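Heads up, the thing below is written out as structure tokens.
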Amino acid sequence: MGNIKPSEVSDILKKELEGVDLKAEFKEIGKVLEVGDGIARVYGLSEVQANEMVRFEDGTMGIVLNLEEDNVGVVLLGNGINISEGDTVYRTKRIASIQVGESLLGRVINTLGEPLDGKGPIEGEMVEMPLERKAPGVIYRQPVKEPLQTGIKAIDAMIPIGRGQRELIIGDRQTGKTAIVLDTIINQRENYEKGEPVYCIYVAIGQKGSSVANIAKTLEKYGAMDYTVIVAANASDPAAMQFYAPFAGAAIGEYFRDTGRHALVIYDDLSKQAVAYREVSLLLRRPPGREAYPGDIFYLHSRLLERAAKIIEADEVARQMNNLPEQIKDKVKGGGSLTALPIIETKAGDVSAYIPTNVISITDGQIFLESNLFNAGVRPAINVGISVSRVGGNAQIKAMKKVAGTLKLDQAQYRELEAFAKFGSDLDETTKAVIEKGARNVEILKQPQYKPVPVEKQIAIIFAGTRGLLLDIPVNKVQEFEQEYLEYLENNNQDILETLKKGVINEEIETKLTEIVKKLAVKYKN
Amino acid sequence: MNLSKIGVRYAKALLELASDKNKLDVIYQDLKNVEQVMDDKSISLYEVLNNPILKPSFKAHLIEEIFKTNVDELTLKFLLLVIKKGRESFFDAIFRNFYKQYNELNKIREINIITAIEPDKNIVEKIKALAHKIVPEDYKIKINTEQYKEIIGGFVLEVEDFEFDATVKNKLQTIKNELLNTSYKIKL
């Protein structure tokens, strides 16, 4: 506190008091009939809207989910320990929403947009974005055409992701699902430095507080928090907070998407969100369906993931987009995108369970991670055979497309033949060749965590692999070679890397690369 | 099934039958009395009725013994029907909806006035006039008054789903919130 005279304090207080509006007015209210297990039933509130926020006498907020004949069902966004029967409930006349602005970047917030990181209040210009919003209609979209580089060789080469796509990451626990998305976030640093940021939103649902803190620290360490928002609904938070968290993430992403920028939102993970939604639904006495999930669990996920989109380039068309929130209308620009990477955790590799099949069918492809690959040291543990990207191919840069075109097929074939190879040596030449090449490509596609590779280097090394230039190098030396090769290119052939980055590959570059590989490969020969 | 419909349906059935037999006001008064007995915490009748261990026949017998001399035959029949159908946990919802439908039928609106001390007639009339902002003119207003010391002064008016809070307590709270929320920026 500075030097303030007591008389000044009373002056300020006087001014403040004059500003207080004490005029009483009619407020719409209801009375609590029963409360417990994170939901309340409220009598009255006859004008209340679905999804409207209500405030209880003790300050707890709630969201109206059930409108029934004689009462309304409200989910509490707090523990509600001080709410008792007969308490008054007030309408806020606000649909559940979150305050979004640039100042969210670098922060950890909860579903309601309140900071959790102890860095003080979030200030700056904010716009109110509704949690539930209809996805943009067909005429406001355009096909996915720009790549979203994950920095992971196996993904960018074989299962490319485009901006505006929804790509599911699915696998058992401990298979590196979160590692993939963290690498993807870290890899966006390059775009941020170039001044064309891809804003990242990491939504942590039902995780331990310590895990979220770890993730925040990791992202901080790699300089990724400058363009990232973390939305956390921890395991100890009310179920309603958990199942609304992805919607809050989507709302933040839409802010960037609708203002003509690129955003990436990660839902980690949607199976926990489905469980939270099931909990709330059952408590609200909605009828259970398969695995006791409510009937609208598919709709819950599809309307969430439909909000990922690539918006049309033309500003005047984009400005007429459906369901634009009032406060963002004057900022709308075309050409933005929202990419979604939902994560689903399977039990014992069972992709045919209810939630996994649902989300697989909604998304534009999936990356399937397997624990036996992971344990065999193939990391990222991507099963190439059943991983697909249905739209990303159009978004891949030309050079990568040309170089990696056959890689996926080759690797799938290799996986099948690999089983044969274990039985004996009586293999024909072609089979042997496929296996030899496949084994080396597997080595190339291995990648340590937090080490995203820029796309030009990916092209350079995959070129060597798919053209069969590594056959003379023993399998266990491939990674060593890769490192030397890329370092060599960086030091001596910057021009080649620059051209590859632009997506150009021609005969001249191909000959040059082949020469370099051959030159460097000599010393690895036994 | 949507459980909140149950109270509405039972109340409607009773209301229609009562109005056919011209017993509306009798039944209304009966239900008020029954509710009072059930709400009486010292005899915990409501808990007994909601106890799943007790047999329905016992509950029916209990109700009959308690109310047979005090309420109309129709009311008693209704109470027994509710128990026979195993809906005794919905008594409060049924009562609530019966009053609501009864008031609607007779064009009555109940309002609650909460004051710190007993209000005089003039003030009650003024508050009633205020309530007519919400209640249509052709509806009669039935006033319930309550006294709460905690509100310090002023009054709270509750009409249907609306609340008009003109208490001293509320004003103090508003001032408190307003002063706490302001972040003063001290320029040196």
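Chains A and B supply the protein sequences, listed in that same order.
Using the working numbering, the letters of the first sequence map in sequence onto residues 90 to 615.
Using the working numbering, the letters of the second sequence map in sequence onto residues 11 to 198.
Note that CB positions come from ideal geometry on N, CA and C, so glycine has one too.
Every value quoted in this text rests on a predicted model; they were computed, and no experiment measured them.
Per DSSP, the bridge partner or partners of leucine 458 of chain A | Within the first sequence, residue 458 of chain A is the residue found at index 369, counting from 1. According to DSSP, leucine 458 of chain A bridges with A:Gly260 and A:Ile471.
With distances taken Cα to Cα, identify the nearest neighbour of proline 431 of chain A among A:Leu271, A:Val227 and A:Leu575.
-> Stepping through the first sequence from its first residue, residue 431 of chain A is reached at position 342. The shortest C-alpha separation from proline 431 of chain A is found at A:Leu271.
Please specify which runs of the alpha helix (DSSP H), each continuous and at least 4 residues long, are wholly inside the region 303-367 of chain A, giving them in chain order.
-> Listed in chain order, the complete alpha helix (DSSP H) runs (minimum 4 residues) inside the region 303-367 of chain A are 328-347.
Any C-beta of chain A under 8 Å from that of serine 99 of chain B | Indexing the second sequence from 1 puts residue 99 of chain B at position 89. So no, serine 99 of chain B is outside the interface.
Compute the beta-carbon to beta-carbon distance between leucine 166 of chain A and alanine 329 of chain A, rounded to the nearest angstrom, for a pair I have assumed lies under 8 Å.
-> Position 77 of the first sequence holds residue 166 of chain A. Position 240 of the first sequence holds residue 329 of chain A. About 6 Å separates the two Cβ atoms, so the contact holds.
CA nearest to the CA of leucine 578 of chain A, picked from A:Ile444, A:Glu507, A:Leu201 and A:Lys546 | By 1-based counting over the first sequence, the position of residue 578 of chain A is 489. That would be A:Lys546, whose Cα lies nearest to the Cα of leucine 578 of chain A.
Contacting residues, own chain, Cβ-Cβ under 7 Å from leucine 462 of chain A (five flanking each side not counted) = On the first sequence, residue 462 of chain A is found 373 positions in, with the first residue counted as 1. So the qualifying residues of the chain are Ala470 and Asn472.
Cα-Cα separation between lysine 436 of chain A and arginine 346 of chain A, rounded to whole angstroms = Locating residue 436 of chain A in the first sequence gives position 347, where the first residue counts as 1. Locating residue 346 of chain A in the first sequence gives position 257, where the first residue counts as 1. Each residue's Cα considered, the two are about 34 Å apart.
Checking contacts by CB at 8 Å: is valine 230 of chain B closer than that to chain A?
-> Not covered by the structure: residue 230 of chain B. The range shown for chain B is 11 to 198.
Against chain B: residues of the region 131-157 of chain A by CB proximity under 8 Å | Tyr132, Gly133, Leu134, Ser135, Glu136 and Glu157
Specify the secondary structure class of alanine 113 of chain A as computed by DSSP and reduced to three states.
-> Start at 1 with the first residue of the first sequence, and residue 113 of chain A comes out as number 24. Three-state result, alanine 113 of chain A: coil.
Measure the C-alpha to C-alpha separation of alanine 465 of chain A and glutamine 538 of chain A and round it to an integer number of angstroms.
-> Stepping through the first sequence from its first residue, residue 465 of chain A is reached at position 376. Stepping through the first sequence from its first residue, residue 538 of chain A is reached at position 449. It is roughly 16 Å from the alpha-carbon of alanine 465 of chain A to the alpha-carbon of glutamine 538 of chain A.
Take the Cβ of tyrosine 382 of chain A as the centre, count every other Cβ of all protein chains shown within 10 Å, and call the residue buried at 16 or more, exposed below.
-> On the first sequence, position 293 is the one that residue 382 of chain A refers to. Buried.
Put arginine 392 of chain A into one of helix, strand or coil per three-state DSSP.
-> Locating residue 392 of chain A in the first sequence gives position 303, where the first residue counts as 1. In this structure, arginine 392 of chain A counts as helix in the three-state DSSP scheme.
Check whether the Cβ of leucine 111 of chain A lies closer than 8 Å to any Cβ atom in chain B.
-> To locate residue 111 of chain A, count along the first sequence from 1; it is residue 22. Chain B contact via Cβ: present.
Determine the contact status of glutamate 532 of chain A and glutamine 568 of chain A, defining contact as a CB-CB distance below 8 Å.
-> In the first sequence, the residue the question calls residue 532 of chain A occupies position 443. In the first sequence, the residue the question calls residue 568 of chain A occupies position 479. Contact: yes.
Any Cβ of chain B within less than 8 Å of the Cβ of aspartate 159 of chain A?
-> Taking the first residue of the first sequence as 1, we reach residue 159 of chain A at position 70. Yes, its Cβ sits closer than 8 Å to a Cβ of chain B.
Is there at least one Cβ from chain B nearer than 8 Å to glutamate 105 of chain A's Cβ?
-> Walking along the first sequence from the start, residue 105 of chain A turns up at place 16. Yes, its Cβ sits closer than 8 Å to a Cβ of chain B.
Thinking just about the alpha-carbon of each residue, which of A:Met215, A:Val178 and A:Thr177 is nearest to the one in leucine 194 of chain A?
-> Locating residue 194 of chain A in the first sequence gives position 105, counting from the first residue. Nearest C-alpha to leucine 194 of chain A: A:Met215.
What does arginine 374 of chain A reach in chain B if we use C-beta pairs closer than 7 Å?
-> Position 285 of the first sequence, counted from the first residue, corresponds to residue 374 of chain A. Under the 7 Å cutoff, chain B gives Leu13.
For glutamate 170 of chain B, which residues of its own chain have a beta-carbon under 7 Å away from its beta-carbon, when the five flanking residues on both sides are left out?
-> Numbered from its first residue, the second sequence carries residue 170 of chain B at position 160. So the qualifying residues of the chain are Arg119 and Ile144.
If we count Cβ pairs, one from each stretch, closer than 8 Å, do we get three or more for the region 321-335 of chain A versus the region 238-257 of chain A?
-> The answer is no - the region 238-257 of chain A does not touch the region 321-335 of chain A, with fewer than three Cβ pairs under 8 Å.
Please confirm whether valine 480 of chain A and glutamine 254 of chain A have their CB atoms less than 8 Å apart.
-> In the first sequence, residue 480 of chain A corresponds to position 391, counting from 1. In the first sequence, residue 254 of chain A corresponds to position 165, counting from 1. Yes, the Cβ-Cβ distance between valine 480 of chain A and glutamine 254 of chain A is below 8 Å.
For glutamate 256 of chain A, does the count of other Cβ atoms within 10 angstroms reach 16, so buried, or fall short, so exposed?
-> One-based indexing of the first sequence puts residue 256 of chain A at position 167. Counting other Cβ atoms within 10 Å of its Cβ, glutamate 256 of chain A reaches 16 or more and is therefore classed as buried.
Which chain A residues sit within Cβ distance under 7 Å of asparagine 107 of chain B?
-> Working through the second sequence from its first residue, we reach residue 107 of chain B at position 97. The contacting residues are Asp159.
Are there 16 or more other CB atoms within 10 angstroms of the CB of glycine 265 of chain A, so buried, or fewer, so exposed?
-> Locating residue 265 of chain A in the first sequence gives position 176, where the first residue counts as 1. The residue is buried, with at least 16 neighbouring Cβ atoms inside 10 Å.
State yes or no: is the C-beta of glutamate 507 of chain A nearer than 7 Å to some heavy atom of the ligand SAM?
-> Only the bare structure without any ligand can be found here, which leaves the ligand SAM out of the picture.
Whose C-beta lies closer than 7 Å to the C-beta of arginine 180 of chain A among residues of the same chain, with five residues either side of it excluded?
-> Sequence index remark: in the first sequence, residue 180 of chain A carries index 91 (1-based). Correct list, in chain order: Glu117, Leu134, Val137, Glu141 and Val143.
Does phenylalanine 115 of chain A get closer than 8 Å to chain C when you measure Cβ to Cβ?
-> Within the model displayed, chain C is absent; protein chains A and B are what it includes.
Quick one: residues in its chain with C-beta nearer than 8 Å to the C-beta of glutamine 263 of chain A, no 5 flanking neighbours on either side, listed in chain order?
-> Residue mapping note: residue 263 of chain A aligns to position 174 of the first sequence, counting from 1. Correct list, in chain order: Ser460 and Phe463.
Nearest-angstrom Cα distance between serine 99 of chain A and glutamate 188 of chain B?
-> Residue numbering aside, residue 99 of chain A sits at position 10 when the first sequence is read from its first letter. Residue numbering aside, residue 188 of chain B sits at position 178 when the second sequence is read from its first letter. Cα to Cα, the separation comes out at about 15 Å.
Counting contacts by CB-CB distance shorter than 8 Å, is valine 178 of chain B in contact with chain A?
-> Translated into positions along the second sequence, residue 178 of chain B becomes position 168. By this cut-off, valine 178 of chain B is not an interface position.
Drop a sphere of 10 angstroms on the beta-carbon of glutamate 26 of chain B, count the other beta-carbons inside from all chains shown, and report buried for 16 or more, exposed for fewer.
-> Walking along the second sequence from the start, residue 26 of chain B turns up at place 16. With a threshold of 16 other beta carbon atoms within 10 Å, glutamate 26 of chain B falls short and is exposed.
Using a beta-carbon distance below 8 Å, is alanine 126 of chain B in contact with chain A?
-> Taking the second sequence and counting its residues from 1, the one referred to as residue 126 of chain B is at position 116. Not a single CB atom of chain A sits nearer than 8 Å to the CB of alanine 126 of chain B.
Under 7 Å Cβ-Cβ, which residues of chain B neighbour glycine 119 of chain A?
-> Translated into the one-based positions of the first sequence, residue 119 of chain A becomes position 30. Residues of chain B whose Cβ lies closer than 7 Å to the Cβ of glycine 119 of chain A are, in chain order, Asp171.
Interface residues of chain A around isoleucine 189 of chain B at Cβ under 9 Å?
-> Within the second sequence, residue 189 of chain B is the residue found at index 179, counting from 1. The sequence shown places leucine at residue 189 of chain B, not isoleucine. Within 9 Å Cβ-Cβ: Leu102, Glu105, Leu106 and Val109.
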